[in-house]
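Number of protein chains: 4
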Amino acid sequence: MEPIGERRWAIAEGYIPGQSTGPEPEMLSHETACILNAGDEPAQVEITVFFSDRDPAGPYRLTVPPRRTLHQRFNDLEDPEPIPRDTNYASVITSDVPIVVQHTRLDSRQAENALLSTIAYTSG
Amino acid sequence: MEPIGERRWAIAEGYIPGQSTGPEPEMLSHETACILNAGDEPAQVEITVFFSDRDPAGPYRLTVPPRRTLHQRFNDLEDPEPIPRDTNYASVITSDVPIVVQHTRLDSRQAENALLSTIAYTSG
Amino acid sequence: MEPIGERRWAIAEGYIPGQSTGPEPEMLSHETACILNAGDEPAQVEITVFFSDRDPAGPYRLTVPPRRTLHQRFNDLEDPEPIPRDTNYASVITSDVPIVVQHTRLDSRQAENALLSTIAYTSG
Amino acid sequence: MEPIGERRWAIAEGYIPGQSTGPEPEMLSHETACILNAGDEPAQVEITVFFSDRDPAGPYRLTVPPRRTLHQRFNDLEDPEPIPRDTNYASVITSDVPIVVQHTRLDSRQAENALLSTIAYTSG
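Taken in sequence, the protein lines are chains D, P, X and C. Residues 94 to 217 in our numbering are what the first sequence lists, from first letter to last. Residues 94 to 217 in our numbering are what the second sequence lists, from first letter to last. Residues 94 to 217 in our numbering are what the third sequence lists, from first letter to last. Residues 94 to 217 in our numbering are what the fourth sequence lists, from first letter to last.
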């Protein structure tokens, strides 16, 4: 399929709640970057994470194979360092080929979960 | 009415929960592609579904009549194959005339439901 | 302030739940088109509502004064006809001056409410 | 990092619930403008708040340091005046350098919280 998307995306909202209720891993509070690579070449993706009071973390490096989607939990990013919980952050996601990025949070701090999802920002 | 929209859309987030609570069909957990065809010609729409670990499924073919909206549940896509539950996916939606696509999920795995909605991505 | 926005918007998702819980009017299930007119001229706005199985309704006519916001509940549209409950719909919103449109739903069918919000689509 | 974003953003939806449940400050009902300044220069940001029945408030002035994110609660804006609770509003956010803006609401009026998030509108 012809590639669809952009090479540079930003998500200004980020927050991994430190608490969860319900069975893991489905109901673990998490933030996810949903990445679609609809093209025929692998996507080399880099995520940089910004904070309010310290220098950025990263880049975190991922590969999304051709014609695949990767739903990457920020909770699971470990290298070069884990993302702190209960901390505001933002992210910039770059790729060497066009991708589409959408952001989702499951917040299970309380008995009933809340969900949010937003298309990431791109300037093309 | 003059057509409004684009011919190519992408939704990077997709997940149909395998469990539901509450009366069906309204409260069945579902993901929906809300498609608006505001123009005067029928829209021939194709949906391709991408996964993390296998080749894409589809295309699923739909027709949206002129000056109509179709709120298509991914749960109900059957041909060429149903969408698996509890599985991350993404989708690309194409049309031969301009349409507008918005994505909504009702998650009723728990007693109280969660909703999310996001405009799909388009590059025009 | 210099105007910001566009003259033509679309919201592909629309659904007013027929049931609510909690005190009205705050907790009445509703869909809202949040319209911002940041410019110095009044905005003459028209809303056309599309359905899956009948011709469109409207136009519904509104005026948003200069440098004001109007959060219009679809529930309250009466002329030329009310929007049916428990029915999928979509909408196109046009204005003679630039406006910004965002879409919000409060769903209070169950004890705990769900919220969604999405920027409307515009092609400029 | 190369700057990413735009200089002018609008959020048509705004509403700070006057009531909350759960521990503060995390679970206090709030609206937040999540601002990312990925560039190497400080961002001088101004927020103007629009209402349905009175002249706009502001500008509220903020600085976002280079390579930092600021998650600004509208609840905490005090100068030149606080934002009233239980009141519909909208906002325009301008910056002298490119930024990315995303809007989030936590609504904790009821026992279980609702979340929403939307990318702000920008015309570039």
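Glycine is no exception: its CB is placed at the ideal position from the N, C-alpha and C atoms.
In terms of Cβ geometry, P/Pro173 and P/Val157 do not form a close pair [threshold 8 angstroms]. Apart from sequence neighbours up to five positions away, the residues of its chain that approach P/Thr125 with a beta-carbon distance below 6 angstroms are His164, Arg166 and Thr197, ordered along the chain. About 7 angstroms separates the Cβ atoms of C/Gln137 and C/Ser188, confirming a contact at the 8 angstroms cut-off.
Under the 8 angstroms criterion on CB atoms, X/Gly151 is classed as non-interfacial with respect to chain C. Interface annotation, P/Gly132: not in contact with chain X, CB-CB separation never under 8 angstroms. Within the DSSP secondary-structure output, X/Tyr214 pairs in a beta bridge with X/Ala103. According to the DSSP secondary-structure assignment, D/Ile140 is paired through a beta bridge with D/Tyr153 and D/Ile186. For D/Glu124, the enclosing beta strand (DSSP E) has its first and last residue at His123 to Asn130. Against P/Val190, chain X offers no close residue; the least beta-carbon distance is about 14 angstroms (beta-carbon pairs closer than 8 angstroms). Under DSSP, D/Ile192 takes part in a beta bridge, and its partners are D/Glu99. For the stretch 148–172 of chain D, the set of positions with a beta-carbon nearer than 8 angstroms to some beta-carbon of chain P reads Arg160, Arg161, Thr162, Leu163 and His164 in chain order. In the assembly as shown, C/Gly111 is an exposed residue. Its beta-carbon has fewer than 16 other beta-carbons within 10 Å. Cβ-Cβ distances below 8 angstroms link X/Arg100 to Thr187, Ser188, Asp189, Val190, Pro191 and Ile192 in the same chain, with the five nearest sequence neighbours on each side left out; the list follows chain order. With a threshold of 16 other beta carbon atoms within 10 Å, C/Glu106 meets it and is buried.
C/Gly98 is positioned such that its CB atom lies no closer than 8 angstroms to that of D/Ala150. Cα atoms of P/Arg178 and P/Glu171: separation of roughly 13 angstroms, rounded to the nearest angstrom. Within 10 angstroms of the beta-carbon of X/Arg154 lie fewer than 16 other beta-carbons, which makes it exposed. Residue-level contact by beta carbon holds for X/Thr141 and chain P, with a gap shorter than 8 angstroms.
Only exposed fits X/Arg147, as fewer than 16 other CB atoms lie within 10 angstroms of its CB.
A distance below 6 angstroms between beta-carbons, with the five flanking residues on each side excluded, links C/Asp133 to the following residues of its chain, in chain order: Pro159. Counted as a single uninterrupted DSSP element, the beta strand (DSSP E) harbouring X/Thr162 occupies residues Arg161 to Arg166. Beyond the five residues adjoining it in sequence on each side, D/Pro96 comes within less than 7 angstroms, by CB distance, of Ala131, Gly132, Val190 and Pro191 in the same chain, given in chain order. Taking the Cα of D/Pro175 as reference, the smallest distance to any Cα among D/Val194, D/Arg161 and D/Val142 is reached at D/Val142.
The beta carbon of C/Phe144 is closer than 6 angstroms to those of Tyr182 in its chain, skipping five residues each way along the sequence.
Look at D/Arg101: its C-beta is under 8 angstroms from a C-beta on chain C.
Using beta-carbon distances, P/Val193 does not count as an interface residue toward chain D, since no partner is under 8 angstroms. Taking 8 angstroms as the CB threshold, X/Glu106 lines the interface with chain P. Across the structure, X/Cys127 and P/Asn168 are spaced so that their CA atoms are roughly 30 angstroms apart. Rounded to whole angstroms, the gap between the alpha carbons of D/Pro152 and X/Ile109 is 44 angstroms. The beta carbon of P/Thr162 lies closer than 8 angstroms to those of Cys127, Ile128, Leu129 and Asn130 in the same chain, with the five residues before and after it left out.
For C/Val185, the closest Cβ of chain X is nearer than 8 angstroms. Contact with chain C is found for X/Gly98, since one of that chain's Cβ atoms lies less than 8 angstroms from the residue's Cβ.
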